[in-house]
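What follows is a set of notes on a single structure, which appears directly below.
Protein chains: 2
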Amino acid sequence: MEKDFLLVELFELYKGLLTEKQRETFSLHYLYDLSLAEIAEQDGTARQSVHTIIKQVKAKLIEFEDTLHLKERFDEINAISDEIENKGLSDRLKEIIGK
Amino acid sequence: MEKDFLLVELFELYKGLLTEKQRETFSLHYLYDLSLAEIAEQDGTARQSVHTIIKQVKAKLIEFEDTLHLKERFDEINAISDEIENKGLSDRLKEIIGK
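Protein chains in written order, with the numbering used here: chain E, 112 to 210; chain V, 112 to 210.
Structure follows, in structure tokens:
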């Protein structure tokens with residue numbers, strides 16, 4: 112559950128780097144809670160194919176984070192923004208990092 | 112020249128998303144100032160192949176920025192960090208965005 116939440120966070124950061132098909136499959140499973148079997152039925156494909164796409168997306172999201180460290184950096188920036196006394200600057204920072 | 116500087120900035124941000132070959136070719140041309148012909152000679156390949164790789168890398172860097180807006184976001188964060196009175200927080204911000 113903890114891990115799924117991390118994946119959804121990484122998805123929000125990096126979805127623009129995924130293909131349309133990868134984005135759609137990930138969303139249906141992780142954001143709309145459809146099972147792999149339900150997605151397969153809807154797509155007219157095999158459950159195994161859906162499983163493969165989900166596995167690929169997970170690996171890509173983790174690879175993107177290992178490369179660009181956006182979640183790590185944005186979490187740190189968010190913590191810093193909480194320490195900034197000037198509310199205007201703090202809010203602008205949060206907006207840039209989507210918090 | 113202005114435009115080359117932008118490409119080098121984008122390269123620093125996104126090089127982790129490129130292949131080893133793309134990184135090497137871009138570096139030789141833009142960071143080490145080798146001509147396409149010189150790179151081609153060094154690689155034992157045609158000038159046209161080097162040109163194609165450079166073109167692909169440029170397109171990818173622009174696509175990454177259009178998708179993730181890291182240069183845009185980090186430039187804004189840098190401007191905000193200049194306005195923060197607490198030097199410790201300002202310096203931490205700059206470190207996170209590599210400025």
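C-beta atoms are modelled at their ideal positions from N, C-alpha and C, and glycine is treated no differently.
Please read all numbers here as calculations on a predicted model, not as lab measurements.
Quiz prompt | CB contact below 8 Å: leucine 128 (chain V) versus chain E | solution = In terms of beta-carbon proximity, leucine 128 (chain V) lines the interface with chain E, with at least one pair separated by less than 8 Å.
### Message
Using a 10 Å radius around the Cβ and a threshold of 16 neighbouring Cβ atoms, would you call threonine 163 (chain V) buried or exposed?
### Response
With fewer than 16 other Cβ atoms within 10 Å, it is exposed.
Practice item. Kindly list, in the order they appear in chain E, the residues whose Cβ is closer than 9 Å to that of arginine 217 (chain V). Key: The first residue shown for chain V is 112 and the last is 210, placing residue 217 (chain V) beyond what the model contains.
| task | List the residues of chain E that leucine 121 (chain V) touches, going by C-beta distances under 9 Å, in chain order. | result | Ordered by position in chain E, no residue passes the 9 Å Cβ test against leucine 121 (chain V), which lies about 13 Å from the chain.
Original post:
Unbroken beta strand (DSSP E) runs of length 3 or more, entirely within the segment 125-171 of chain E: which are they?
Top reply: none
key: 8 Å Cβ cutoff met for glutamine 167 (chain V) and glutamine 133 (chain V)   = Yes; because the gap between Cβ atoms is below 8 Å, this pair is in contact.
Starting from glutamate 183 (chain V), trace the alpha helix (DSSP H) both ways and give me its first and last residue.
Counting along the chain, the alpha helix (DSSP H) containing glutamate 183 (chain V) begins and ends at 181-194.
Exercise. Is it the case that the Cβ atoms of threonine 136 (chain V) and isoleucine 165 (chain V) are separated by a distance below 8 Å?
Worked result: Cβ distance < 8 Å, so threonine 136 (chain V) and isoleucine 165 (chain V) count as in contact.
query = Which residues in the same chain have their Cβ closer than 7 Å to the Cβ of isoleucine 208 (chain V), if we skip the five residues on either side of it in sequence?
reply = If we look at isoleucine 208 (chain V) and ignore the five residues flanking it on each side, its Cβ neighbours are Phe185, Ile188, Asn189.
Practice problem: Check each candidate in V:Leu204, V:Glu176, V:Ser192, V:Lys171 and name the one with the smallest Cα separation from threonine 130 (chain V). | Solution: V:Lys171
TODO: Kindly indicate if chain V contains any beta-carbon less than 8 Å away from that of leucine 200 (chain E).
DONE: yes
| said: Can you check whether the C-beta of isoleucine 207 (chain E) is within less than 8 Å of a C-beta belonging to chain V? | reply: Residue-level contact by beta carbon holds for isoleucine 207 (chain E) and chain V, with a gap shorter than 8 Å.
- Query: Are the Cβ atoms of leucine 287 (chain E) and phenylalanine 175 (chain E) separated by less than 8 Å?
  - Reply: Summary: the structure shown does not reach residue 287 (chain E), with chain E confined to residues 112 through 210, and so no result is reported for it.
Of all Cβ atoms in chain V, is any one closer than 8 Å to the Cβ of leucine 118 (chain E)?
no
*Exposed or buried, what is serine 146 (chain E) when buried is set at 16 or more other beta-carbons lying within 10 Å of its beta-carbon?*
exposed
Q: Measure the alpha-carbon distance for leucine 179 (chain E) versus aspartate 154 (chain V) and round it to whole angstroms.
A: 29 Å
Exercise for the section: Closer than 7 Å by C-beta to leucine 118 (chain E): which residues in its own chain qualify, once you throw out the five before and the five after it? Chain order, please. Expected result: Tyr141, Lys169, Leu172
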